[in-house]
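Let me begin by presenting the structure, written as structure tokens, before commenting on it.
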Amino acid sequence: MSTKHGVAGNRDFLIIGGGLAGACLALEFRRRGKSVWLIDLPGEHSASRVAAGLYNPVTGKLAGLTWKAAAIFPFLEQFYAVAEQTLEQKFLFPLPIYRPFRTNQEFDSWNSRRSEPSISPFVQNAFSSATYPEDVKDDLGGLLLKYGGYVDTRALLNGVSDWLSLDGSFLAMDFNPSRLSIGGHGVQYEGRSASTAIFCQGIGALENPWTSWLPLRPLKGQVLKIDTRLSDERIYNRGVFLVRDKKDGFWKVGATHEHHAQPGVTVEGREELEGKLRTLLQRPFETREQSWGIRPTVPDRRPLVGVHPENSRVWILNGLGTKGVSLAPWMASHLVDHLLTGTVLPEDVNISRFYSLYFKSQKTV
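Residue numbers for the sequence shown follow the numbering used here, so the first one is 807 and each next one is one higher.
Okay, structure coming up:
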């Protein structure tokens, strides 16, 4: 039996992992006329699903541009807008981000750099006195940033799985590496065939022998949902972010940065976020919900993209860390370009920079 995107048991690519990396990869392959299998069993604590979905071009105490912001941020909004049309769902919400200054030093640092051509396109306005005093404590003013917003990641991921299910391309199952067969003509898993397997498993890569050598570090993040009265015309960001969920009207607040993978929410995590909220918010709030997820980070803070050191049928897209919403479309596009047209992967994201870890791990087996 044939389908619109390939013979029932055969596709061009097998994608393992349906978080942001895998979902964006599936969208990009299909946009370019290629068929995919996508294997995923969505977990309640998947980092991609728990995330508030914020994308923010200016980060850090010194208000610096995030990595490759000039290329990534215009691209991501275009990518998600096309995905909305494909999936016939709304999940992209561009919004300005307001960053109140914490100290006079922060204001002075910004003032000395405000005319820099790299950062000025991302700044909608800069204020030197309180601008939204009814909502937040911003006596020193702050920056109102452009090219920010959020993606409803749960709606996006559910939309991709539902869309792929229409022709049987979504496989709702746990992935067992021992059942993956790889040969000279392609890969097979549970009776499904493809030319290439691409692992996009996030922190789950550490449990997969094909990818366990990668230098992924778990970064746990806890997120709150609060009830408060704020203007939802912007996102607020100082110490924590506040993003209003348009579905239930509550505000997502986060996130903690805990360098471990211990499951569950904690009192300490809640108290940390609530303490930061009190230094930012002018209005009272009530915590309604607390959730957690584990993000896959890399020591050099760059994604992991490329081919397995010893098997050209196995590829990897991982390590998006805390910036999955902004990095996933751009990295997926680069990987698809490379696989379909042979364009060179950017050196600073290519997993070849860590091949020595793989060969070292093989010596100890």
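Just so you know, even glycine gets a beta-carbon here, dropped at the ideal spot from N, CA and C.
With a cut-off of 8 Å on the beta carbons, I'd call alanine 1000 and valine 1120 a contact; round off their distance for me.
Contact annotation, alanine 1000 with valine 1120: C-beta distance approximately 11 Å; criterion of less than 8 Å not satisfied.
Cβ distance (whole Å) where valine 1071 is taken to contact serine 1097 below 8 Å
The Cβ separation is near 7 Å, so the contact holds.
For the segment 1083 to 1154, list the beta strand (DSSP E) runs that are entirely contained and at least 3 residues long, ordered along the chain.
You should have 1092 to 1103, 1110 to 1113, 1120 to 1124.
Residue nearest to phenylalanine 881 in terms of C-alpha spacing, selected from Lys896, His1063, Ala1138:
Ala1138
Boundaries (first-last residue) of the alpha helix (DSSP H) holding arginine 855:
853 to 856
Whose C-alpha, out of Glu1092, Arg1084, Ser1167, is nearest the C-alpha of phenylalanine 1056?
Glu1092
Identity of the residue in Leu1086, Ser935, Ile1100, Ala829 nearest proline 1024 by Cα:
Ile1100
Below 8 Å, can you find three or more Cβ-Cβ pairs linking the segment 891 to 898 to the segment 908 to 920?
no
Compute the Euclidean distance between the alpha carbons of lysine 896 and arginine 837, then round it to the nearest angstrom.
18 Å
Rounded to a whole number of angstroms, what is the C-alpha to C-alpha distance between leucine 972 and glutamine 1068?
Their backbone Cα atoms lie some 37 Å apart in a straight line.
In the DSSP assignment, the beta strand (DSSP E) including valine 1049 goes from what residue to what residue?
Counting along the chain, valine 1049 sits inside the beta strand (DSSP E) bounded by residues 1046 to 1050.
Give a yes or no on whether the C-beta atoms belonging to phenylalanine 1221 and proline 863 are separated by under 8 Å.
This structure leaves residue 1221 out entirely; the chain is present only between 807 and 1171.
Taking only the alpha-carbon atoms, compute the straight-line gap between valine 966 and alanine 887 and give it to the nearest angstrom.
14 Å
Please state whether DSSP places lysine 1169 in a helix, a strand or coil.
helix
Using the DSSP secondary-structure output, state which residues sit across from isoleucine 1041 in a beta bridge.
Ile903
Just to check my reading of the structure: valine 1104 and proline 1021 have Cβ atoms closer than 8 Å, yes? What is that Cβ distance to the nearest angstrom?
6 Å
Since I believe glycine 1008 is in contact with asparagine 1124 (beta carbons under 8 Å), could you give me their beta-carbon distance rounded to a whole number of angstroms?
7 Å
Which residue marks the beginning of the alpha helix (DSSP H) containing aspartate 914, and which one marks its end?
910 to 919
For aspartate 1054 and alanine 930, the rounded distance between their alpha carbons
The residue you asked about is not alanine; residue 930 is glutamine in the sequence shown. Put simply, the backbone Cα of glutamine 930 is about 29 Å away from that of aspartate 1054.
Just confirm the distance between the C-beta atoms of isoleucine 821 and leucine 831, as a whole number of angstroms; I'd bet it's less than 8 Å.
Right, their Cβ atoms sit about 6 Å apart.
Inter-residue CB distance, glycine 815 and glycine 997 (contact presumed, cutoff 8 Å):
6 Å
With a threshold of 16 other CB atoms inside 10 Å of the CB of lysine 1058, please say whether the residue is buried or exposed.
buried
So serine 967 is in the alpha helix (DSSP H); what residue range does that whole segment cover?
959 to 971
DSSP on leucine 1022, reduced to helix/strand/coil?
coil
For serine 918, count the other beta carbons within 10 Å of its own beta carbon; 16 or more makes it buried, fewer makes it exposed. Which is it?
exposed
Alanine 1067: first and last residue of the uninterrupted beta strand (DSSP E) it sits in:
Taken as a continuous stretch (DSSP letters only), alanine 1067 belongs to no beta strand (DSSP E), as it is neither H nor E.
Ends of the beta strand (DSSP E) at valine 842?
842 to 845
Using the rule of at least 16 other Cβ atoms within 10 Å of the residue's Cβ for burial, across every protein chain shown, is glutamate 834 buried or exposed?
Burial state of glutamate 834 is buried, judged by a 10 Å Cβ sphere holding 16 or more other Cβ atoms.
Would you list the one or two residues that DSSP bridges to asparagine 1174?
Residue 1174 is absent from the structure shown; the chain starts at 807 and stops at 1171.
Residue from Thr1034, Gln994, Ile1032, Gly824 whose Cα sits closest to the Cα of leucine 796
Not covered by the structure: residue 796. The range shown for the chain is 807 to 1171.
Apart from the five residues just before and just after glutamate 1095, which ones in its own chain have a Cβ nearer than 8 Å to its Cβ?
Leu1030, Lys1031, Phe1056
Can you tell me where the alpha helix (DSSP H) holding leucine 826 begins and where it ends?
826 to 837
According to DSSP, what are the bridge partners of arginine 998?
Tyr995
Taking Cβ to Cβ, would you say phenylalanine 1112 is nearer than 8 Å to asparagine 1156?
The question names phenylalanine, but residue 1112 in the sequence shown is glycine. In this structure, the beta-carbon distance from glycine 1112 to asparagine 1156 falls below 8 Å.
Ends of the beta strand (DSSP E) at phenylalanine 933?
929 to 933
Three Cβ pairs or more, each shorter than 8 Å: is that satisfied between the segment 857 to 875 and the segment 930 to 947?
no
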